[in-house]
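Chemist:
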Amino acid sequence: MLAANCIDKTQLPYYDATMTIMEERGSLPIYRLKEQLLKAVQDNQVLIVIGETGSGKTTQITQYLAEVGYTSSGKIACTQPRRVAAMSVAKRVAKDYGCRLEQEVGYTIRFEDYTSPETKIKYTTDGMILREYLIDPDMNQYSIVMLDETQERTIHTDVLFGLMKQAVQKRGELKLIVTSATSDSVKFSEDFFKAPIFTIPGRTFPVQVPYTNEPETDYLDASLTTVMQRWFQRHLMESQNKLR
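Here full-length UniProt numbering is used: position 12 in the sequence shown is 12, and no number is missing along the way.
#1: Do Cys78 and Asp191 have their beta-carbon atoms positioned less than 8 Å apart in this structure?
#2: Once the 5 residues before and after Met87 are set aside, which same chain residues still bring their CB inside 6 Å of it?
#3: Quick check: what's the CA-CA separation for Gln141 versus Gly74?
#4: In this structure, what does DSSP give as the bridge partners for Phe198?
#5: Using only the alpha-carbon positions, how far apart do Val209 and Tyr123 sit?
#6: Have a look at Val93, Ile197, Thr20 and Gly172 and flag the residue whose alpha-carbon is nearest the alpha-carbon of Glu104.
#7: Give the DSSP bridge partners of Asp113, in chain order.
#8: Are the CB atoms of Pro137 and Ala181 within a distance shorter than 8 Å?
#9: Going by the beta-carbon positions, is the gap between Tyr31 and Gly69 smaller than 8 Å?
#10: If you check the beta carbons only, do Leu47 and Ile177 fall under 8 Å apart?
#11: Are the CB atoms of Leu130 and Leu160 within a distance shorter than 8 Å?
#12: Go ahead and pull the three-state DSSP assignment for Tyr123.
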């Protein structure tokens, strides 16, 4: 049975596109480690997750946790160092989750609150979660707090490290996940009570390096022209494939 605010994807005109999203989720490196990750979260109050960009940690971990019931005792919060990231990731996860933004999945940034009483997964900035801590140091509305992209060290992130350590010490049921795209996992582990480290492998993509026939005097203009040419070539090929 679907949740009250969820959408029956089979009734949507873009159902095929949704299936493509599901296939993409399954192709992410983190998908192969889903069960191991959930076991690690279950067994540990604090977990360090190291995963390269593109591994799927930002968009998938929150969904995995919600799927197995962690939202029954509180929300799942995922912090981002920048407002644009919090907004864009929340929109993507809402699409994956099959719900409208502001319902099961939402975000809060300065001057914008796209959440509701039904929100289970909330993306927010480091600064906003810091303000919430000042009001409620025990973080009682959350079952899990995920500090994401912590390799981008900011003042807010560094302050949150200390405050979240206090929160998990006071609330034994509160779980903390610290993620990073760097390999400095030992330092993160030492900072958080020697927490175990869970590593997600990255993925590589084929790279083509085109060369110009003649040297370019204006590299900026040449780069823009090349990008536009590639864009038109790609969309022309897609249009031709649809006509076949």
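Positions of the beta carbon are idealized from the N, C-alpha and C atoms, including for glycine.
Modeler: Let me spell this out:
#1: Position 191 of the sequence shown, counting from 1, holds the residue named residue 191. Position 78 of the sequence shown, counting from 1, holds the residue named residue 78. It is not a contact, given that the beta carbons lie outside the stated cut-off.
#2: Here residue 87 corresponds to residue number 87 of the sequence shown, with the count starting at 1. Excluding positions up to five away in sequence, the list reads Tyr107.
#3: Along the sequence shown, read from residue 1 onward, the residue named residue 141 stands at position 141. Along the sequence shown, read from residue 1 onward, the residue named residue 74 stands at position 74. Each residue's alpha carbon lies about 5 Å from the other.
#4: Against the sequence shown, residue 198 aligns to sequence position 198. Partner(s): Val49.
#5: For the purposes of this step, residue 209 is identified with residue 209 of the sequence shown, where counting begins at 1. For the purposes of this step, residue 123 is identified with residue 123 of the sequence shown, where counting begins at 1. Those two C-alpha atoms are separated by around 37 Å.
#6: Indexing the sequence shown from 1 puts residue 104 at position 104. Checked all of Val93, Ile197, Thr20 and Gly172; the closest Cα to Glu104 is Val93.
#7: To locate residue 113, count along the sequence shown from 1; it is residue 113. Asp113 is bridged to Thr108.
#8: One-based indexing of the sequence shown puts residue 181 at position 181. One-based indexing of the sequence shown puts residue 137 at position 137. Cβ distance not < 8 Å, so Ala181 and Pro137 don't count as in contact.
#9: Here residue 31 is taken as the residue at index 31 of the sequence shown, counted from 1. Here residue 69 is taken as the residue at index 69 of the sequence shown, counted from 1. Taking C-beta atoms as the reference points, Tyr31 and Gly69 fail to come closer than 8 Å.
#10: Position 47 of the sequence shown, counting from 1, holds the residue named residue 47. Position 177 of the sequence shown, counting from 1, holds the residue named residue 177. Yes, the pair counts as a contact, with Cβ atoms nearer than the cut-off.
#11: On the sequence shown, residue 160 is found 160 positions in, with the first residue counted as 1. On the sequence shown, residue 130 is found 130 positions in, with the first residue counted as 1. Contact flag set, yes.
#12: For the purposes of this step, residue 123 is identified with residue 123 of the sequence shown, where counting begins at 1. If DSSP states are grouped into helix, strand and coil, Tyr123 belongs with the strands.
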